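Counting with the UniProt record's numbering, you get residues 1 to 214 for the letters of the sequence shown. Cβ coordinates follow ideal geometry from the N, Cα and C atoms, glycine included. None of the values given here were measured: they were computed from a predicted structure. See structure below.
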Amino acid sequence: MTTSEVYQGQFGEFTIEQSDRNGVIIYRSALMVAAFSFAIGSALVLFNHNPLAIQALTPLYTCFSLALGVSLLTIHIYLAPLHRLLQAFWLIGSIAAFYVGHSDSQPFAVTVYNQPLTILGIGFTFAALTGIYFKEAFCFNRLETKALTLIVPSLLLGHLVGIIPTQGEQILLGTWAILFIVFAVRKAIQAIPPDIGDKSVFAYLKQKRSITDN
Numbered sequence: 001m002t003t004s005e006v007y008q009g010q011f012g013e014f015t016i017e018q019s020d021r022n023g024v025i026i027y028r029s030a031l032m033v034a035a036f037s038f039a040i041g042s043a044l045v046l047f048n049h050n051p052l053a054i055q056a057l058t059p060l061y062t063c064f065s066l067a068l069g070v071s072l073l074t075i076h077i078y079l080a081p082l083h084r085l086l087q088a089f090w091l092i093g094s095i096a097a098f099y100v101g102h103s104d105s106q107p108f109a110v111t112v113y114n115q116p117l118t119i120l121g122i123g124f125t126f127a128a129l130t131g132i133y134f135k136e137a138f139c140f141n142r143l144e145t146k147a148l149t150l151i152v153p154s155l156l157l158g159h160l161v162g163i164i165p166t167q168g169e170q171i172l173l174g175t176w177a178i179l180f181i182v183f184a185v186r187k188a189i190q191a192i193p194p195d196i197g198d199k200s201v202f203a204y205l206k207q208k209r210s211i212t213d214n
């Protein structure tokens with residue numbers, strides 16, 4: 001029988017179980033699905049404008065959103081309120097996307113592009129995604145996630161208020177798609193323990209919440 005390696009955390013020793021590793025694998029796999037769904041959709045927007053391609057954006061966005069939801073369930077974030085906030089953002093954005101997709105006869109992507117105010121709803125999904133980018137930039141100092149933390153809100157808010165020319169939006173979208181793939185691939189080859197984090201911190205915060213609740 002193999003024994004788990006013991007790590008020294010800030011608040012004591014801890015071990016990493018197979019269930020912890022499985023959670024990280026699911027998180028990274030979901031990010032990969034989200035990244036490739038987004039990249040394929042972006043490529044269709046930038047390079048293929050026939051009606052079938054535009055129609056394909058709806059299932060691609062659905063796949064992206066669902067995968068993002070899975071990643072938000074399995075990501076390790078020390079601050080539980082922040083974790084729940086990002087999940088709430090994803091839920092609000094998903095409800096908004098469902099409403100937008102079923103309230104207009106035009107394809108989902110066309111509605112969002114032609115009616116920028118819809119970003120006030122579906123933008124919550126991308127706020128949750130930006131939260132992941134920010135967390136990864138803060139924890140692992142990754143250049144691509146630092147750039148994505150700026151690119152995503154810049155593109156969405158720029159389109160909302162109409163201050164970015166079409167060519168500028170295309171450049172930002174293409175850069176976003178490429179860097180998202182780079183991020184997902186780099187996560188796939190990263191060692192697993194750093195993504196699990198210091199489990200002694202999670203245990204301490206959980207114990208602290210229990211004492212406060214009581």
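- Task: Note the first and the last residue of the continuous alpha helix (DSSP H) segment covering LEU86.
- Result: Taking the first residue of the sequence shown as 1, we reach residue 86 at position 86. Under the DSSP assignment, LEU86 falls in the alpha helix (DSSP H) whose first and last residues are 80-103.
- GLN115 by DSSP, collapsed to three states: which one? Locating residue 115 in the sequence shown gives position 115, counting from the first residue. Coil.
- Run the CB neighbour count on LEU46, radius 10 Å, all protein chains shown included, and call it buried at 16 or more, exposed below. Against the sequence shown, residue 46 aligns to sequence position 46. Result: exposed.
- Task: State buried or exposed for GLU17, treating a residue as buried only when at least 16 other CB atoms are found within 10 Å of its CB.
- Result: The sequence position of residue 17 within the sequence shown is 17, counting from 1. Under this definition GLU17 is an exposed residue.
- Item | Same chain, Cβ closer than 6 angstroms to PHE124, five either side skipped, listed in chain order | Translated into the one-based positions of the sequence shown, residue 124 becomes position 124. Within the same chain, PHE124 has close Cβ partners PHE89, ILE92, GLY93.
- Query: DSSP three-state call for GLN190: helix, strand or coil?
  - Reply: Along the sequence shown, one-based indexing puts residue 190 at 190. Correct three-state label for GLN190: coil.
- Query: Are the stretch 34-42 and the stretch 76-88 in contact at 8 angstroms, needing three or more beta carbon pairs?
  - Reply: no
- Item | For GLN10, the three-state DSSP class (helix, strand or coil) | Taking the first residue of the sequence shown as position 1, residue 10 is located at position 10. Coil at GLN10, not helix or strand.
- Buried versus exposed, by CB contacts within 10 Å (16 or more), ALA188: The residue labelled residue 188 in the question sits at position 188 within the sequence shown. By the 10 Å Cβ count, ALA188 comes out exposed.
- Per DSSP, which one or two residues make a beta bridge with THR15? Here residue 15 corresponds to residue number 15 of the sequence shown, with the count starting at 1. Looking at the DSSP assignment, THR15 forms a beta bridge with VAL6.
- If you run the structure through DSSP and keep just helix, strand and coil, what is MET1? Numbered from 1 along the sequence shown, position 1 holds the residue referred to as residue 1. Residue placement at MET1 is flagged as unreliable, the pLDDT there being 38, under the threshold of 50; a coordinate-derived value is accordingly withheld.
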